[in-house]
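My numbering numbers the first residue of the sequence shown as 347 and each following residue consecutively.
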Amino acid sequence: MLRLAAVTAIILSGALTGLCASQRLTARVSFFEGFLAFLVRLQAQIRFNAEDLSRLLVTDEANAAVAAFLKECRETAQTENRNIMQAWSQAVDHIPKTTGITNDDRKLLKDFSAALGTTDVDGQVAHCELYKTLAGTRLEQAREEKAKKGKLYRMLGAFSGVCVSLLIL
Numbered sequence: 347m348l349r350l351a352a353v354t355a356i357i358l359s360g361a362l363t364g365l366c367a368s369q370r371l372t373a374r375v376s377f378f379e380g381f382l383a384f385l386v387r388l389q390a391q392i393r394f395n396a397e398d399l400s401r402l403l404v405t406d407e408a409n410a411a412v413a414a415f416l417k418e419c420r421e422t423a424q425t426e427n428r429n430i431m432q433a434w435s436q437a438v439d440h441i442p443k444t445t446g447i448t449n450d451d452r453k454l455l456k457d458f459s460a461a462l463g464t465t466d467v468d469g470q471v472a473h474c475e476l477y478k479t480l481a482g483t484r485l486e487q488a489r490e491e492k493a494k495k496g497k498l499y500r501m502l503g504a505f506s507g508v509c510v511s512l513l514i515l
C-alpha cells in the first residue's frame with residue numbers, strides 16, 4: 347500500500363513538473379500579447395496626447411504580468427526619482443521567471459526604453475512601430491515554441507514519473 351502511494355506521488359510530481367514547464371511557455375505568449383497591446387495603446391497615446399511619459403505607462407488589467415510590470419515602472423520612477431528609462435530597466439529585471447521571459451526577451455524590453463521619450467512625437471511613434479514589429483516576431487516565436495514543446499513537456503514529465511515509479515516497483 348505504501349509503495350502504491352509512493353508510485354502515485356512520483357507519477358503526479360513528474361506530471362506536475364511537465365505541466366509547470368508547459369505553463370511557462372503559455373505565460374510567455376500571454377506576456378507578449380499584453381506587451382503588444384500596450385505598445386499599440388502607447389503609440390496612439392503618444393500620437394494624440396502630449397502627456398508625461400510616466401502617465402502613459404498604464405494598461406488595462408487584462409494581462410496581469412504586463413500590468414504589474416508597468417505599475418512597478420511607474421512607482422519606481424515616482425518614488426525613487428528616477429527617469430523613466432532607469433525605472434523601466436529596473437522593472438524589467440524584476441519580471442518574475444514564471445512569465446517565461448528569456449534573457450533575450452529582457453534585452454528587447456530594455457532596448458525599448460533606451461530611446462523612449464528622447465525624440466519628437468514622430469520619432470516616438472516610429473520607435474513604437476519598430477518594437478511592435480519586434481515584439482510581434484517574439485510573440486510568433488513564443489507561439490511556435492508553445493505549440494511544439496508544450497505537449498512534449500507535459501508528456502515528458504508524466505513519462506519520467508512513470509519510468510521512475512517502475513524502477514521503484
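We treat Cβ as the ideally placed atom computed from N, Cα and C, and that holds for glycine.
Original post:
Is the segment 428-446 touching the segment 347-358, taking contact as three or more C-beta pairs under 8 Å?
Top reply: Per the Cβ contact rule, the segment 428-446 is not in contact with the segment 347-358 (fewer than 3 Cβ pairs under 8 Å).
**OP:** Inspect the CB distances between the segment 370-386 and the segment 417-429 and report whether three or more fall short of 8 Å.
**Re:** Short answer: they don't touch.
Original post:
Would you call the segment 353-373 and the segment 491-503 in contact, with 3 or more CB pairs under 8 Å?
Top reply: yes
**OP:** For my contact list, G507 and S359 are in at a C-beta cut-off of 8 Å; report their separation, rounded to the angstrom.
**Re:** 6 Å
Subject >> Beta-carbon contacts of N449 that lie in its chain and below 8 Å, excluding the five residues immediately before and after >> reply: none
Subject >> Touch test, the segment 427-441 against the segment 454-462, Cβ-Cβ under 8 Å, three pairs minimum >> reply: yes
Original post:
Is DSSP giving T485 helix, strand or coil here?
Top reply: Reading off the sequence, residue 485 comes out as Leu, not Thr. Helix.
**OP:** Please list, in chain order, all residues of the same chain as A488 whose beta carbon is under 6 Å from its beta carbon, the five residues on each side excluded.
**Re:** R374, V375 and F378.
Subject >> C-beta atoms of I337 and V467 nearer than 8 Å >> reply: As displayed, the chain neither begins before 347 nor continues past 515, which places residue 337 out of reach and without an answer.
**OP:** With D451 as the anchor, note down where its alpha helix (DSSP H) starts and where it stops.
**Re:** N449 to A460
Subject >> N- and C-terminal bounds of the alpha helix (DSSP H) containing D439 >> reply: I430 to D439
Subject >> Which of helix, strand or coil DSSP assigns to E426 >> reply: coil
Original post:
Would a C-beta distance cut-off of 8 Å place H473 and A461 closer than the cut-off?
Top reply: Their beta carbons are under 8 Å apart, which means H473 touches A461 by this criterion.
Original post:
The alpha helix (DSSP H) spanning L403 covers which residue range?
Top reply: First-last for L403: undefined, no H or E at that position.
**OP:** Check whether the Cβ atoms of R349 and L515 sit closer than 8 Å, and answer yes or no.
**Re:** Contact flag set, yes.
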